[in-house]
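Read in order, the letters of the sequence shown are residues 5 to 282 in the numbering used here. Just so you know, even glycine gets a beta-carbon here, dropped at the ideal spot from N, CA and C. What follows is a set of notes on a single structure, which appears directly below.
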Amino acid sequence: MTNGSRFCGLKVFGLDLHFTASGRGSGFAGAAWRGLMGQALFGAVCSFPEPACATCPALAACAYPKLFKPLADTALPPFWLHGWQRGHAGWSVGIRWLGAGSGFAVGEWLAALSAGGTNLSFDGAPAQLEHATAPATARRAWRRGEGWVSMPVALELTNGQPPSSACRVRFVSPLVSKHVGDPLYGALHTRLQRLVQQYGDGAELPRLAQPWRCEVLAQKAKRIPLARRMLTGTEWELELNEVHPDAWPMLRAGIELHAGGQTGMGCGQYEILAAAEP
């Protein structure tokens, strides 16, 4: 199933994008950042004023539906946001994508985000990409005006260490899920299985009746205003005990792959922490 950087054929790459953007942002910023990035990518690859992907003769080679918005409503995009943070010099926004073959398209995308005169804005203020760094090392990987300094390497999905029998899981962005019962397992399994079927080796993930014993330590409901509706999610903190060895690789891979829905805008991101001392 896994070999450190792979999970059932999935290979994930990522960057932290550093923007000069003075907008303060309010509430959940993922939708605004995803909208800005989608605008930049569309403007860079398409000559039409609005998406007309279904009838476009260049569809097969276009990065917009391949990376950002698949044509089929049932398909998961191979790109998602992975956290963001405002600092005094601007904003840092994490991105993740599947497949080494997308590197060229991502480079074109970054160039579009850094180009002057594109009228990109965040929270009403101009936004421009300055550089990008590798998540694991914080070393420069891409610079405005230069392009790639070093090509991204696959991120670690499973660390090869023996499975942990107990841990805490803390969501750093809201989990959007329709599953009932255990807050995490159904949402995680469903997303990972769909990704493996679309972009991986097609393997059937283990469907465990008892993946772990889950205790809710804290929960906080979040309402996320979108353009046409209000989205509801929950930031959970969970304690997992008696973690099944077959569930651990899925749990570990989910740190980068996220769980649940609306992951394109960064929902469903969590971290694994050490179990509390008895």
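Contact between the segment 176-196 and the segment 256-274 is present: three or more C-beta pairs spanning the two stretches fall below 8 Å. With contacts defined as CB atoms closer than 8 Å, residue 86 and residue 98 qualify as a contacting pair.
Approximately 22 Å separates the beta-carbon atoms of residue 35 and residue 49; this is outside 8 Å, ruling out the contact. Pairing residue 135 with residue 147 gives a Cβ-Cβ distance under 8 Å. In the pairwise beta carbon analysis, the segment 8-23 is classified as touching the segment 152-164: at least three pairs are separated by under 8 Å. Counting C-beta pairs closer than 8 Å gives three or more between the segment 209-223 and the segment 186-194, which meets the contact rule. With a threshold of 16 other beta carbon atoms within 10 Å, residue 223 falls short and is exposed. The beta-bridge partner set that DSSP reports for residue 273 is empty.
In the structure shown, residue 124 falls within a coil segment according to DSSP collapsed to helix, strand and coil. Of the residues 279, 59, 260, the one whose Cα lies closest to the Cα of residue 84 is 260. For residue 236, the secondary structure class from DSSP, reduced to helix, strand or coil, is strand. Bridge partners of residue 241 according to DSSP: 174, 222. A contact is defined here as three or more CB-CB pairs under 8 Å, and the segment 27-46 fails this definition with respect to the segment 191-205. A distance of 8 Å or more separates the beta carbons of residue 258 and residue 181. With fewer than 16 other Cβ atoms from the protein chains shown falling within 10 Å of its own Cβ, residue 78 counts as exposed. Boundaries of the beta strand (DSSP E) harbouring residue 89: 83-91, taken from the DSSP string. With respect to residue 155, residue 107 sits close: the two C-beta atoms are nearer than 8 Å. Per the C-alpha coordinates, the member of 220, 268, 193, 131 positioned closest to residue 251 is 193. Between residue 94 and residue 25, the C-beta gap is smaller than 8 Å, which places the two residues in contact.
The residues 170, 217, in chain order, have a CB closer than 6 Å to that of residue 245 in the same chain once the five nearest residues on each side in sequence are set aside.
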